[in-house]
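Enquirer: First the structure, which I've put down as structure tokens, then a few questions once you've had a look.
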Amino acid sequence: MSIIRNPFVDYLNKYTTASPDHEAAFDEFVAHTPPPPSGPLRFQTKVEKFLRIRFAESRPPSIILTGNAGDGKTFLCRQIIQIFTARHIDDWEELVEEPLERHGIRLYVIKDLSELSEEEGRSVLNRLEQTLNSESSDRYLIAANEGRLRDLLTRVQTPKLTESIKTQLQYGIESGSTSLVVIDLTKVTTSAFVPETLRWMTSNIHWQVCTDCPIIERCPLHYNVRTLRDERVVRRVQFLYDLLEHLDIHVTVRDMLIHLAFTLTGNQSCPELQRLDAEDADRHHLVYYENIWGGSENSPFRRKASVVQHLDRLQIGKHSIFEIDDFIINGGDHPDQTIVHAQLFTPAVDLDFKRFEQERRAYIEGGAEKQTGEETQAFLEWLPHCRRKLFFESPDEQQANELITFRYLNTYRQLLTNKHKPTDSIRHRLILGLNRAFARLYLTFDDILYVTSQYLHSAEQPRPLVRLEIPANGIGLSIDDREEQAFDRRWADLYIHFSPPPELHLRWTKDALKPQRWRLNLLVFEYLLRLADGGTFNVLADECELSIRSLKDRLLSEFAHETTNTRIRFFVAEQQQYVLKTIYLDEKGIIRAGG
Amino acid sequence: MTSHYGNYDHTKSPLATYIWGHRLRTGQHWIEYMVEFLSVISGFDYQLGQGLKGHPNVKVEYRLPKRLGLRRFIFYDQREKNRNPYDDHAVQELHKRLSSRVCGIDSHSDQIAIDQVRSLLRSFSVVEGNRSWYAKTLFPVHEEFLLWEGQRSRSAKLTTPLLTPDLDLNELDPDNLDRGMEFTTRNFFARGGEIYYLILSAGTEKQPDYRMFIGKRLRELLTEHNRILGQIASTIDTTWQPRDNGHTNSAFITGSLGWIPQRDCALYQQVAEDLVTFLQNNLDSLECLELLAHLIGFHIICYIYHHANPHIDRPALIVDLLGAHDGGVLRNQSAASLREQEDRQLRRAKDFVTERVREWATDQLEGPILLDHLEQETKNYFQLGQTRAKAEYNKTLKELGQSYQIERDRERLLKAYSEGLFKALEGELRKNFLGIHRKIGQAIGLIAPIKGPKPRFVLGDTLLKTLVMANLKPDDTLPFGEFLERLYARYGIIIGPGESRTAQVMERLRINEEYFSRNRDALRERMRRAGLLIEYSDTTAIVRRVQ
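If you read the sequences in order, they're chains G and Y.
Counting along the first sequence from 1, when you hit position 273 you're at 273 in our numbering, and nothing is skipped either side.
Counting along the second sequence from 1, when you hit position 441 you're at 441 in our numbering, and nothing is skipped either side.
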């Protein structure tokens with residue numbers, strides 16, 4: 001039996017063994033490793049398109065790219081240099097001092113600001129500032145980590161540059177900016193590139209070699225390839241990445257590539273797979289829907305790849321959902337469900353061929369006499385595996401989404417895609433959730449937001465003091481999708497707005513009080529709605545608590561002022577609910593209370 | 001003897017006092033350090049550097065209202081364990097008077113109104129527990145909430161003449177009903193707040209602008225916020241006893257400060273700097289006070305550790321941020337590091353005793369004369385209070401006397417005497433002083449667990465936030481690595497491999513660097529979740545104080 005070896009598998013495995021820690025190494029790998037026969041993976045990104053256009057101008061801008069290691073800063077630098085001079089760069093250092101020239105424009109390229117010394121870094125920024133102040137023919141292309149850049153800015157005198165950078169990082173590119181463009185690559189939604197990546201990885205060209213392989217029908221890797229060609233499964237993978245976006249977890253392009261490569265191959269090689277086949281070993285755990293969570297508990301990949309750590313926290317498949325488990329075990333009630341079940345759980349390598357079906361039959365048909373406790377246990381261990389399979393491959397996506405612990409994901413997404421105007425109901429529930437989160441009491445008010453503060457260590461029942469009241473009509477939701485941005489962005493941002501309460505307008509005439517807005521990511525949204533719908537201060541509280549506390553601090557410091565307080569308002573438990581009480585001093589200094 | 005700051009008075013003192021000043025004591029609740037301190041500084045009209053005898057233009061005593069009326073109103077009720085007919089009557093009387101000052105809204109009765117006010121004020125209670133009403137205290141949301149520890153004196157002289165069968169309590173005015181209340185007990189307001197006041201005063205001797213800033217901000221914090229609450233409190237109190245700011249002192253208490261060692265200690269300046277940085281905030285007042293209580297507790301612990309080992313620049317406090325995830329290695333080392341801090345306190349105390357004995361053992365004295373001399377000096381210097389300890393001590397003296405007859409070894413005599421003397425003093429030290437750092441540490445989130453084995457150093461979220469605010473000015477940023485360096489340089493806190501190397505802890509304990517790396521990463525993640533840090537990339541993390 002000849003050993004077939006697919007070089008593309010080895011190529012993909014090189015991705016996964018490249019350590020995420022070494023950006024330079026990865027870049028070199030991508031640049032120098034001979035690409036597979038079909039050509040390298042190339043995304044058509046909006047950023048690249050944007051940069052190509054701007055750089056084709058006779059007077060191109062200076063460009064600063066910020067982002068994490070792996071967001072593609074170096075890659076983009078290469079592309080821009082290609083556009084500019086059609087040169088392939090090996091020695092980046094010389095470019096810092098010796099610019100590239102074209103049509104009278106001199107381009108200085110700094111591939112990584114962090115690699116320069118403090119002095120060199122400051123010098124570059126100073127020079128860049130000068131080009132902003134005059135009609136210079138010098139241009140700069142700088143890639144930097146935002147932290148390092150901001151830090152360096154505190155040590156130079158470059159007002160124009162600093163202003164432009166800070167504004168663009170916060171609000172995006174100024175339309176019509178001609179001299180400096182700042183692009184924050186962490187804002188790119190990586191999930192946009194998931195389908196293209198998978199399409200490339202599973203493309204027929206790379207897998208021709210396998211047609212002659214004797215184990216092709218039993219190979220888990222090939223199973224992965226076939227299944228990941230299915231558009232529906234691709235969308236589900238993209239869906240997972242979207243979830244991470246909603247949770248404010250930015251995955252770099254590089255990390256995504258590594259992760260998806262691992263999802264496909266599980267870091268297995270052809271010889272290894274053929275050996276397992278020869279031993280008739282159980283390979284069902286090498287399927288993509290197990291690899292995607294990082295493989296086994298102790299795999300080194302799991303420790304390295306932060307994507308996996310984040311996905312792990314979603315705990316998909318770990319918990320039992322009755323309807324789903326019932327479906328998996330019993331096959332469903334209606335005939336159509338039975339058909340779906342049969343299609344879904346067709347014997348294949350990911351179910352150890354016929355074993356799952358056999359054990360399932362034994363489980364539901366065997367009585368207590370026929371099955372030992374061990375056998376029952378062994379069968380039930382299939383459940384997490386099958387839940388995960390269902391998550392990706394089930395035609396009933398709504399059912400599959402039950403496996404995600406976020407109850408309000410759909411509501412959230414509908415708001416983001418503007419499918420429905422934010423309803424009053426959602427607004428009021430968010431207000432109720434905030435009231436409960438602030439006061440740590442099960443309040444029942446949803447028409448006014450009470451921003452409270454309290455003494456936390458009270459030896460008696462604490463009484464949250466109401467410092468600020470914002471009526472519901474001063475609170476709104478909005479979507480900000482920043483369409484004009486130069487990069488791919490799948491999802492908009494959801495914001496909640498707070499207007500300064502009316503009394504303040506009357507008393508505080510010195511500076512106009514600005515409305516405050518606060519971005520709601522999925523985690524906080526979920527937390528608040530759960531609170532509003534009667535949930536407990538649960539695990540999410542740990543993660544959200546501090547974020548909510550900082551919102552409270554901000555609202556109080558922007559809107560609450562001592563002079564506006566003529567009375568004390570606080571909550572008291574009375575007859576099974578919380579009531580708002582007032583105490584104030586009248587003009588004669590009499591204390592009035594009880595209401 | 002090192003130089004003191006404050007009113008050093010050469011009286012006999014417990015062992016701890018000689019080393020850590022007059023004084024710190026276990027009975028003080030962690031929040032009471034702040035309450036006492038604020039009372040003292042408010043009693044000096046928000047000026048630091050006061051209270052020193054023999055200085056011109058300086059108030060020698062702090063002065064604040066008794067607030068007995070307010071205190072009784074809030075805390076004296078049916079659940080009170082120390083009931084007294086005077087107080088029963090006083091409360092009734094106060095309620096009567098208040099009905100003209102407190103009115104119900106919307107057809108609610110005056111009594112309901114009074115109850116509501118009372119329960120609101122009571123919700124600011126700091127310590128309930130086993131204390132009598134006169135020892136309970138309030139969270140200082142306003143200056144008018146500052147209650148000083150009191151005690152009903154058991155002294156017969158003060159109460160007997162009044163307690164006659166035909167006495168009509170209605171005839172008595174507040175002064176008489178309040179007679180017998182003392183404010184000098186200091187079990188709970190054990191002077192820890194005074195110590196903090198002294199630390200700040202000493203630390204700002206050369207920084208008058210710091211003094212002004214601290215005074216100004218604290219005055220603002222206590223008088224310009226929660227004004228209605230303050231007015232309510234003062235209305236209630238003055239209904240009971242009007243305050244004439246002039247000369248009737250019956251409505252006021254006065255007190256004077258103790259002292260702290262080593263007036264030029266750099267730590268005191270550092271404490272003042274931390275406070276100045278921290279106070280540049282516009283947090284809600286309750287939150288600010290909460291964090292301030294944590295900061296003060298933390299500083300007191302630093303103070304204790306410093307004087308336990310004054311010759312080194314900083315202690316070595318290994319902080320465990322991994323918790324359950326580290327297989328116990330770092331946790332064990334952190335626990336050991338905590339035990340070491342306690343051992344050092346004991347060792348310092350023991351060394352102190354030895355030093356004193358050597359000082360007293362002037363050359364010409366020998367044998368039994370020497371022993372007598374030492375005994376005499378000891379009597380004048382130390383308090384050998386407890387009977388059992390004293391009995392042991394006397395026994396030791398006798399044995400030493402006898403053995404010296406035989407051996408005539410002066411060195412051995414001195415050594416044995418020191419040991420015996422220390423043993424006699426150790427019990428009191430352990431009982432009243434040694435537990436302070438743990439008690440405060442557990443309350444502020446520096447030491448965990450609160451109940452359970454192997455207490456070790458940790459960093460709670462609130463304490464973390466407090467330390468960030470004490471080290472970064474508003475809107476300042478600092479790279480994470482430098483933040484760790486700063487925590488080590490200023491407080492001796494060891495978290496990451498860098499500091500553990502500088503402190504030479506890694507080689508000494510032979511802990512793998514990886515543990516400290518993970519420890520550092522754990523802190524970074526915690527700070528990120530707390531919003532105290534932004535991670536811009538895999539390597540750059542910036543600590544920020546957002547305001």
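Ideal placement from N, C-alpha and C gives every residue a C-beta, glycine not left out.
Since this is a predicted model, take the numbers as computed values, not measurements.
1) Helix, strand or coil for histidine 497 of chain G? Go by DSSP, reduced to three states.
2) Can you name the residues of chain Y whose CB is closer than 7 Å to the CB of glutamate 146 of chain G?
3) Between glycine 594 of chain G and chain Y, is there a C-beta pair that is closer than 7 Å?
4) For arginine 331 of chain Y, is the classification buried or exposed, using 16 other Cβ atoms within 10 angstroms of its Cβ as the cut-off for buried?
5) Residues of chain Y with a CB under 8 Å from the CB of glutamine 454 of chain G: which are they?
6) Helix or strand or just coil, what does DSSP make of serine 58 of chain G?
7) How is lysine 216 of chain Y classed by DSSP in three states: helix, strand or coil?
8) Considering only their Cβ atoms, is the gap separating tyrosine 62 of chain Y from tryptophan 259 of chain Y smaller than 7 Å?
9) Taking arginine 387 of chain G as the reference, give the member of G/Leu344, G/Phe193, G/Ala362, G/Arg530 with the closest Cα.
10) Less than 7 Å between the beta carbons of glycine 627 of chain G and leucine 528 of chain G, yes or no?
11) Less than 7 Å between the beta carbons of tyrosine 223 of chain G and valine 109 of chain G, yes or no?
12) Glutamate 115 of chain G and glutamine 79 of chain G: beta carbons closer than 7 Å?
13) Is there a C-beta anywhere in chain Y that falls below 7 Å from the one on isoleucine 590 of chain G?
14) Could you compute how far the alpha carbon of glutamate 36 of chain Y sits from the alpha carbon of alanine 251 of chain Y?
15) If you run the structure through DSSP and keep just helix, strand and coil, what is aspartate 280 of chain G?
16) What is the DSSP secondary structure of aspartate 87 of chain Y, counted as helix, strand or coil?
17) If we call anything under 7 Å between Cβ atoms a contact, is arginine 463 of chain G one with serine 123 of chain Y?
18) Starting from the Cα of leucine 247 of chain G, find the closest Cα among G/Ser299, G/Tyr412, G/Ile321 and give me that residue.
19) Quick one: what does DSSP say phenylalanine 262 of chain G is sitting in, helix, strand or coil?
20) Give a yes or no on whether the minimum CB-CB distance between valine 117 of chain Y and chain G is below 7 Å.
21) Once the 5 residues before and after alanine 560 of chain G are set aside, which same chain residues still bring their CB inside 6 Å of it?
22) Per the DSSP calculation, alanine 574 of chain G is bridged to which residue(s)?
23) Let me know the secondary structure DSSP gives tyrosine 491 of chain Y once reduced to three states.
24) Counting only Cβ pairs nearer than 8 Å, list the residues of chain G close to glutamate 128 of chain Y.
25) Rounded to whole angstroms, what's the CA-CA distance from valine 117 of chain Y to leucine 465 of chain G? Just pull it up for me.
26) What span of residues does the alpha helix (DSSP H) with glycine 70 of chain G cover, start to end?
27) I need the DSSP call for valine 613 of chain G, collapsed to helix, strand or coil.
28) Compare the C-beta of serine 125 of chain Y with all C-beta atoms of chain G and state if any pair is closer than 7 Å.
29) Is DSSP giving alanine 459 of chain G helix, strand or coil here?
30) What residues from chain G crowd round glutamine 231 of chain Y, counting only those whose CB sits closer than 7 Å?
31) Tell me whether the region 135-155 of chain Y and the region 220-238 of chain Y touch, counting them as touching only if at least three CB pairs, one residue from each stretch, are closer than 8 Å.
32) Give me, in chain order, the residues of the same chain whose beta-carbon lies closer than 7 Å to that of alanine 522 of chain Y; leave out the 5 immediate sequence neighbours on both sides.
33) Within the 7 Å Cβ cut-off, does valine 91 of chain Y reach chain G?
34) Counting only Cβ-Cβ distances shorter than 8 Å, please list the residues of the region 129-147 of chain Y near chain G, keeping chain order.
35) Residues of the region 100-114 of chain Y in Cβ contact with chain G at a cutoff of 9 Å, in chain order, please.
36) Return helix, strand or coil for serine 453 of chain G, following the three-state DSSP convention.
Expert: Looking at the coordinates:
1) For histidine 497 of chain G, the secondary structure class from DSSP, reduced to helix, strand or coil, is strand.
2) Within chain Y, the residues near glutamate 146 of chain G are Tyr536.
3) Closer than 7 Å to the CB of glycine 594 of chain G there is at least one CB belonging to chain Y.
4) When all chains shown are included, arginine 331 of chain Y counts as buried.
5) Here the neighbours are Leu286.
6) Annotated three-state conformation of serine 58 of chain G is coil, per DSSP.
7) If DSSP states are grouped into helix, strand and coil, lysine 216 of chain Y belongs with the helices.
8) Taking a C-beta distance under 7 Å as the contact criterion, tryptophan 259 of chain Y and tyrosine 62 of chain Y do not qualify as a contact pair.
9) Comparing Cα positions, the closest option is G/Leu344.
10) Summary: the structure shown does not reach residue 627 of chain G, with chain G confined to residues 1 through 595, and so no result is reported for it.
11) Remark: C-beta atoms of tyrosine 223 of chain G and valine 109 of chain G do not approach each other more closely than 7 Å.
12) No.
13) When Cβ-Cβ separations below 7 Å define contact, isoleucine 590 of chain G makes contact with chain Y.
14) Glutamate 36 of chain Y and alanine 251 of chain Y have their C-alpha atoms some 18 Å from each other.
15) Here aspartate 280 of chain G sits in coil by DSSP.
16) Of the three classes helix, strand and coil, the one that applies to aspartate 87 of chain Y here is helix, per DSSP.
17) Pairing arginine 463 of chain G with serine 123 of chain Y gives a Cβ-Cβ distance under 7 Å.
18) Scanning G/Ser299, G/Tyr412, G/Ile321 for the CA closest to the CA of leucine 247 of chain G turns up G/Tyr412.
19) Correct three-state label for phenylalanine 262 of chain G: helix.
20) Cβ-Cβ to chain G under 7 Å: yes for valine 117 of chain Y.
21) The beta carbon of alanine 560 of chain G sits closer than 6 Å to the beta carbons of Arg467, Leu468 from its chain, once the five residues preceding and following it are set aside; these are given in chain order.
22) The sequence given here has glutamate at residue 574 of chain G, not alanine. Looking at the DSSP assignment, glutamate 574 of chain G forms a beta bridge with G/Gln577.
23) Helix, per DSSP.
24) Those within 8 Å of glutamate 128 of chain Y in chain G are Ala459, Glu460.
25) When rounded, the distance between both Cα atoms is 13 Å.
26) For glycine 70 of chain G, no alpha helix (DSSP H) run applies, since DSSP gives it neither H nor E.
27) One cannot answer for residue 613 of chain G here, as it falls past the ends of chain G, which runs 1 to 595.
28) Yes, serine 125 of chain Y counts as interfacial toward chain G.
29) Three-state result, alanine 459 of chain G: coil.
30) Per Cβ cutoff of 7 Å: Leu585.
31) With the cut-off at 8 Å, the region 135-155 of chain Y and the region 220-238 of chain Y touch.
32) Leu321, Leu322.
33) Not an interface residue.
34) Flagged, chain order: Gly129, Phe139, Val141.
35) Shown in chain order are the members of the region 100-114 of chain Y whose Cβ falls below 9 Å from a Cβ of chain G: Ser100, Arg101, Val102, Cys103, Gly104, Ile105, Asp106, Ser107, His108, Ser109, Asp110, Ile112, Ala113, Ile114.
36) It is a strand residue.
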